[in-house]
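Participant:
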Amino acid sequence: MENAMGVAGAGAGAGGGAVTTTSADAPSLPPNMTIYINNLNEKIKIDELKKSLNAVFSQFGKILEVLAFKTFKHKGQAWVIFEDVSSASEALKRMQGFPFYEKPMRIQYAKTKSDLIAKADGTFVPRERRKKHDERADRKKREHHHDNNYSGGGLSATHGAYGVTPPLSQLPLGVAKLPEAPAPPNSILFVQNLPTETTPMMLQMLFCQYPGFKEVRMVETKPGIAFVEYGDEMQSTVAMQGLHGFKITPQNPMHVTYAKK
DNA sequence: AGCACA
């Protein structure tokens, strides 16, 4: 609700309070649209890693790209480029230490601006061709197509808009804040707005496609809702991203959130 | 540990 604190105070402890939000070990780089994540599980294949990162982080806002590499120097690290720096800040704060493939994520702001952003800025200078006389800005207004089309495998949800999809760039800046803090991740999902004729079997067919699926629970006395459990929060998050908005009937887009703890 | 632009 009140995210007015922001992260502007890069240095902690304003006013002698024992504010140990970020102790001295946190470098506290200036905010950036891109977050840098390390301590990632290096055994995870790059493709899956990027997909899972996208799934886990897209709750904080539009993600323009997820980058990860398998070269030695870059193992266990990834960059998530958000459309909005406030999304990056929220992601950094809320997902710090999040258990991801058995390892707590370590998140910082990226040290430098991502190329994708620089290209949108017009400040992009290709580093491969570093000839000093090549200062002419090649003003090609090419649209960079960065649609992250992560088909979770299996049914594709017809979610027209998940969560915070409305293009923040088109909203007045003051209003473009995140709607509110998302519910804390939970391995159990809460599904709402189901058509009354929905059966547990129908839900199982949908949700069991996502890894880690354990079970569906429906509440007889309360039609239209269900609980779906996964092995861990990451798996449930992937399923949520995949199925939120899925329409069993045209007038019933599924509403999938984390269950309350 | 390691900050890239597959």
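Under UniProt numbering, the first residue of the first sequence is numbered 1, with each subsequent residue one higher. Quick reminder that beta carbons are idealized off the backbone N, C-alpha and C, glycines included. No experiment lies behind these values; they were computed from the predicted model shown.
#1: Count the other C-beta atoms from every protein chain shown that fall within 10 angstroms of the C-beta of F82, then say buried if there are 16 or more, exposed otherwise.
#2: Enumerate, from N- to C-terminal direction, the unbroken alpha helix (DSSP H) stretches of 4 or more residues contained entirely within the stretch 196–250.
#3: Just tell me which of Y230, R106, T249 has its CA closest to the CA of R94.
#4: Closer than 7 Å by C-beta to N252: which residues in its own chain qualify, once you throw out the five before and the five after it? Chain order, please.
#5: Among Q96, A91, N41, which residue has its Cα nearest to the Cα of G76?
#6: Around the Cβ of A183, are there at least 16 other Cβ atoms within 10 angstroms (buried) or fewer (exposed)?
#7: As a quick exercise: from L92, D84, S86, pick the residue whose alpha carbon is nearest that of N38.
#8: Consult DSSP for E65 and reduce its assignment to one of helix, strand or coil.
#9: Would you be able to state if there are at least three C-beta pairs under 8 Å between the stretch 234–251 and the stretch 204–215?
#10: Tell whether a beta-carbon distance below 8 Å holds between L53 and V80.
#11: Mark T34 as exposed unless 16 or more other C-beta atoms lie within 10 angstroms of its C-beta, in which case mark it buried.
#12: Do the CB positions of A68 and A78 come within less than 8 Å of each other?
#13: With respect to the alpha helix (DSSP H) encompassing V191, which residues constitute its N-terminal and C-terminal limits?
Facilitator: Let me spell this out:
#1: Translated into the one-based positions of the first sequence, residue 82 becomes position 82. By the 10 Å Cβ count, F82 comes out buried.
#2: 200–207, 233–243
#3: Your numbering for residue 94 matches position 94 in the first sequence. Nearest C-alpha to R94: R106.
#4: Locating residue 252 in the first sequence gives position 252, where the first residue counts as 1. Around N252: N193, L194, P195.
#5: Here residue 76 refers to the residue found at position 76 when the first sequence is read from its first residue. Among Q96, A91, N41, the Cα nearest to that of G76 is on N41.
#6: Position 183 of the first sequence holds residue 183. A183 is exposed by the Cβ-count criterion.
#7: What you label residue 38 is simply residue 38 of the first sequence in a count that begins at 1. Here the closest residue by C-alpha is L92.
#8: Here residue 65 refers to the residue found at position 65 of the first sequence. Strand at E65.
#9: yes
#10: Residue mapping note: residue 53 aligns to position 53 of the first sequence, counting from 1. Residue mapping note: residue 80 aligns to position 80 of the first sequence, counting from 1. For L53 and V80, yes; Cβs fall inside 8 Å.
#11: As a working note, residue 34 is residue 34 in the first sequence. Buried, since its Cβ has 16 or more Cβ neighbours within 10 Å.
#12: Along the first sequence, one-based indexing puts residue 68 at 68. Along the first sequence, one-based indexing puts residue 78 at 78. A contact, by the Cβ cut-off of 8 Å.
#13: Indexing the first sequence from 1 puts residue 191 at position 191. Taken as a continuous stretch (DSSP letters only), V191 belongs to no alpha helix (DSSP H), being part of the beta strand (DSSP E) at 188–192.
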